[in-house]
Amino acid sequence: MSSNVVVRPVRDVDAEELGRVQAACWHETYDGLVSEAALTHLSPKRMAELWTHYANRGPEYSQVAVLVDGEIVGFAGAGPSRDAELADVRELYFIYLRDEFHGQGLGQRLFDAVIEPGPAFLWVASDSPRAHRFYERNGFALDGAEHTEPFLGEEIHEVRFAR
């Protein structure tokens, strides 16, 4: 890859671009997991508003973006656990990368920027084999926990990976 790649913390000024990238990533990731109708209601503007909130969280939260030739093409975020049974373990909240940039090591760079070696966990769609393989390569394994998560007015079945 001869492109200029930078992984850096998310900034307030990134909100609008992150909103567009997140909407695109969700279309790519969740097509087939939720209805097309649910995906048509995605609002890059609303997602940009969420990013303004994310960017102003405390220092225990990490949000990073990966830029290729100056353009944001993916992002990741992690922070304190939201699961009572894993209260003292860091949680990976999200990691998304535009499909065209998969297989170039950018997802790994995002992951490494927000999750240090050691105990961590995450929730991921049960029907996401590519993501499952990525987390397994990073030392995670299914721990038996699962739930149904509301998503865009529908539901996604998720499983928990931990290490």
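Counting the sequence shown from 1 gives a position; my numbering is that position plus 29. Every residue, glycine too, gets a C-beta built ideally from N, C-alpha and C. Just so you know, these numbers come straight off a predicted model, no measurement behind them.
Contact check, residue i vs residue j, beta carbons under 7 Å
{"i": "F130", "j": "V102", "result": "yes"}
{"i": "I121", "j": "A107", "result": "The residue asked about is misnamed: residue 121 is Leu in this sequence, not Ile. In this structure, A107 lies closer than 7 Å to L121 by Cβ."}
{"i": "A52", "j": "L181", "result": "no"}
{"i": "E143", "j": "V93", "result": "Reading the sequence as shown, one finds Val at residue 143 and not Glu. The answer is yes: Cβ separation under 7 Å."}
{"i": "P146", "j": "V118", "result": "no"}
Same chain, Cβ closer than 8 Å to residue i, neighbours up to 5 away in sequence not counted
{"i": "T177", "result": "E184, I185, H186, E187"}
Of the residues the options, the one placed nearest residue i, counting alpha carbons only
{"i": "R192", "options": "V35, S157, C54, L151", "result": "L151"}
{"i": "L126", "options": "F140, A116, E145, V118", "result": "F140"}
{"i": "R40", "options": "L71, A52, E78, D112", "result": "E78"}
{"i": "E46", "options": "Y59, R75, E65", "result": "R75"}
{"i": "V36", "options": "P179, F104, T69", "result": "F104"}
{"i": "F190", "options": "P179, F180, F169", "result": "F169"}
{"i": "E57", "options": "D128, D172, A160", "result": "D128"}
Where the beta strand (DSSP E) containing residue i begins and where it ends
{"i": "Y122", "result": "119-126"}
{"i": "V260", "result": "Residue coverage of the chain in this structure runs from 30 to 192, which leaves residue 260 outside it and unanswerable."}
{"i": "L171", "result": "170-180"}
Terminal residues of the alpha helix (DSSP H) in which residue i lies
{"i": "Q137", "result": "135-143"}
{"i": "F150", "result": "Taken as a continuous stretch (DSSP letters only), F150 belongs to no alpha helix (DSSP H), being part of the beta strand (DSSP E) at 149-154."}
{"i": "P158", "result": "158-166"}
Contact set for residue i: own chain, Cβ-Cβ below 7 Å, skip 5 residues either direction
{"i": "I124", "result": "A105, G136, L139, F140"}
Per-residue DSSP class, three states only, for residue i
{"i": "L96", "result": "strand"}
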